[in-house]
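> In the numbering used here, the protein residues as written are 1 to 291.
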Amino acid sequence: MLGMLYVGYGSNLDPQDWPDFCARHGADPDDLRPVTPVLLLDHRLTFNHRASRWKGGAANVTPSPGDVVPCMAFEVDDPRIWEVLDAKEGVGSDVYERFEALALLPDGTVQTVITYRLTEGWLAREAEAGRGPHVPPSEDYIEAVTRGLAHHGLPSAHLGPATEDRSVAPLQHVFVYGTLLAGEERGPVLEACERHQATATGQLVDLNRGYPGLVPGKATVHGELVRLPDGAMLARLDGIEGFHAHTSPINLYRRGFVQVRCGDDVVWAWTYYWNGMDLGEAIPSGDWRQR
Numbered sequence: 001m002l003g004m005l006y007v008g009y010g011s012n013l014d015p016q017d018w019p020d021f022c023a024r025h026g027a028d029p030d031d032l033r034p035v036t037p038v039l040l041l042d043h044r045l046t047f048n049h050r051a052s053r054w055k056g057g058a059a060n061v062t063p064s065p066g067d068v069v070p071c072m073a074f075e076v077d078d079p080r081i082w083e084v085l086d087a088k089e090g091v092g093s094d095v096y097e098r099f100e101a102l103a104l105l106p107d108g109t110v111q112t113v114i115t116y117r118l119t120e121g122w123l124a125r126e127a128e129a130g131r132g133p134h135v136p137p138s139e140d141y142i143e144a145v146t147r148g149l150a151h152h153g154l155p156s157a158h159l160g161p162a163t164e165d166r167s168v169a170p171l172q173h174v175f176v177y178g179t180l181l182a183g184e185e186r187g188p189v190l191e192a193c194e195r196h197q198a199t200a201t202g203q204l205v206d207l208n209r210g211y212p213g214l215v216p217g218k219a220t221v222h223g224e225l226v227r228l229p230d231g232a233m234l235a236r237l238d239g240i241e242g243f244h245a246h247t248s249p250i251n252l253y254r255r256g257f258v259q260v261r262c263g264d265d266v267v268w269a270w271t272y273y274w275n276g277m278d279l280g281e282a283i284p285s286g287d288w289r290q291r
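1) Does the separation of the CB atoms of Val145 and Leu159 fall below 8 Å?
2) Which of helix, strand or coil does DSSP assign to Ala124?
3) For Lys88, count neighbouring C-beta atoms within 10 Å of its own C-beta (all shown protein chains included) and say buried if the count is 16 or more, exposed if not.
4) Is the region 77-85 close to the region 234-254, with three or more CB pairs under 8 Å?
5) If you check the beta carbons only, do Ala59 and Tyr9 fall under 8 Å apart?
6) Mind checking whether Val176 and Gly223 have CB atoms under 8 Å apart?
7) Can you list the beta strand (DSSP E) stretches of 3 or more residues lying completely in the region 76-128, in chain order?
8) Just list the residues that DSSP pairs Gln197 with in beta bridges.
9) Taking 7 Å as the cut-off, is the C-beta of Val189 nearer than that to any heavy atom in the ligand NAD?
10) Which residue wins for smallest C-alpha separation from Val135, given the options Trp54, His151, Pro65 and Leu180?
11) Indicate whether Gly280 and Gly213 have their beta-carbon atoms separated by less than 8 Å.
12) Can you find the residues in the same chain that come closer than 7 Å, C-beta to C-beta, to Gln172, ignoring five residues on each side of it along the sequence?
13) Between the Cα of Arg24 and those of Leu13, His43 and Leu85, spot the shortest distance and give me the residue it belongs to.
14) Quick one: Cα of Ala124 to Cα of Leu118, how far?
15) At what residues does the beta strand (DSSP E) containing His173 begin and finish?
16) Could I get the ranges of all uninterrupted beta strand (DSSP E) runs contained in the region 127-181, with 3 residues as the minimum, in chain order?
17) What residue does the beta strand (DSSP E) around Phe47 start on, and which one ends it?
18) Which residue marks the beginning of the beta strand (DSSP E) containing Ala269, and which one marks its end?
19) If distances are taken between C-alpha atoms only, which option among Asp264, Leu237, Ala198 and Glu126 comes closest to Leu252?
20) Kindly indicate which three-state DSSP category Gly183 falls into: helix, strand or coil?
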């Protein structure tokens with residue numbers, strides 16, 4: 001497992017719970033080193049088993065095509081930390097199991113990671129006992145997960161609905177920076193949407209094609225934060241940007257996610273990264289309208 005990223009989504013994110021567990025097991029909590037936020041692809045957050053320790057439901061990830069779960073990815077340099085994670089997740093008792101899944105990095109690239117899910121055997125025993133498919137979590141557990149999401153700066157819009165067995169997209173905005181801006185060629189596509197001037201970190205480039213691209217960088221990019229009214233609008237934007245799927249080899253742009261500054265607020269939003277070989281020329285102003 002050395003070198004494979006672990007992603008956490010529940011109480012393991014909590015800056016109180018994880019160190020406390022490590023202390024009881026003689027482990028160093030810093031052996032899990034946070035690397036980057038990621039979105040676990042094609043899963044949703046669920047609460048479908050009772051954890052006696054928490055006196056209520058505990059988090060799980062359940063396959064759900066098209067949905068994503070915000071997680072923090074950690075590097076594991078000391079393979080012994082996997083034993084601590086296994087103990088915390090009840091692997092030896094057939095509660096959770098490790099599995100490999102695909103995670104979306106902020107720049108829209110995809111990586112295989114390791115996380116935990118409830119075993120089929122455990123879910124079957126829960127059903128036989130009359131528990132599930134939804135087990136409401138306790139306030140203490142909700143607070144632990146909320147604390148963890150905040151500690152790692154992750155989106156949290158999905159958590160409240162998940163505790164009520166509902167699914168809500170954790171990212172409800174898109175950051176646009178080129179021809180989709182108000183007043184630009186494709187601006188009318190979003191004219192019915194709530195939109196605000198905003199900035200993000202990256203590098204805006206002129207592709208000499210009549211539209212710009214966004215690539216990873218440390219400059220300030222000016223654009224608009226647009227609230228998505230529904231999934232249909234996101235699908236329409238995917239078509240405009242030549243995005244087919246996160247694992248597609250023919251994407252014109254990759255759909256990733258970025259922290260956007262809008263006034264005093266910081267919001268996670270979808271955005272589109274240029275996927276071509278020609279990276280174009282940097283736009284010094286970071287503003288397509290002032291290129």
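Even glycine gets a Cβ: it sits at the ideal position worked out from N, Cα and C.
Please read these numbers as outputs of a predicted model, since none were measured by experiment.
Answer, in terms of the structure:
1) Locating residue 145 in the sequence shown gives position 145, counting from the first residue. Locating residue 159 in the sequence shown gives position 159, counting from the first residue. Yes. Within cutoff.
2) The residue given as residue 124 occupies position 124 in the sequence shown. In this structure, Ala124 counts as helix in the three-state DSSP scheme.
3) The count along the sequence shown starts at 1 and reaches residue 88 at position 88. Answer is buried; the Cβ neighbour count reaches 16.
4) no
5) What you label residue 59 is simply residue 59 of the sequence shown in a count that begins at 1. What you label residue 9 is simply residue 9 of the sequence shown in a count that begins at 1. Going by C-beta atoms, Ala59 is nearer than 8 Å to Tyr9.
6) Along the sequence shown, read from residue 1 onward, the residue named residue 176 stands at position 176. Along the sequence shown, read from residue 1 onward, the residue named residue 223 stands at position 223. In contact: Val176 and Gly223 (Cβ atoms closer than 8 Å).
7) 96-104 and 110-118
8) As a working note, residue 197 is residue 197 in the sequence shown. Looking at the DSSP assignment, Gln197 forms a beta bridge with Glu224.
9) Annotation note on the ligand NAD: not contained in the displayed structure, which lists no ligands.
10) Sequence index remark: in the sequence shown, residue 135 carries index 135 (1-based). The shortest Cα separation from Val135 among Trp54, His151, Pro65 and Leu180 belongs to Trp54.
11) Here residue 280 corresponds to residue number 280 of the sequence shown, with the count starting at 1. Here residue 213 corresponds to residue number 213 of the sequence shown, with the count starting at 1. Yes, these two residues count as a Cβ contact at 8 Å.
12) Residue numbering aside, residue 172 sits at position 172 when the sequence shown is read from its first letter. Excluding positions up to five away in sequence, the list reads Ala157, Arg227 and Leu228.
13) Taking the sequence shown and counting its residues from 1, the one referred to as residue 24 is at position 24. Closest option to Arg24, Cα to Cα, is Leu85.
14) For the purposes of this step, residue 124 is identified with residue 124 of the sequence shown, where counting begins at 1. For the purposes of this step, residue 118 is identified with residue 118 of the sequence shown, where counting begins at 1. Answer to the nearest angstrom: the Cα atoms are 10 Å apart.
15) Within the sequence shown, the letter at position 173 stands for residue 173. Where His173 is concerned, the enclosing beta strand (DSSP E) stretches over His173 to Val176.
16) Whole beta strand (DSSP E) segments, 3+ residues: 173-176.
17) Mapped onto the sequence shown, residue 47 falls at position 47. From DSSP, the beta strand (DSSP E) with Phe47 extends over Leu32 to Ala51.
18) Walking along the sequence shown from the start, residue 269 turns up at place 269. Start and end: Asp265 to Trp274.
19) The residue labelled residue 252 in the question sits at position 252 within the sequence shown. It is Leu237.
20) On the sequence shown, position 183 is the one that residue 183 refers to. Correct three-state label for Gly183: coil.
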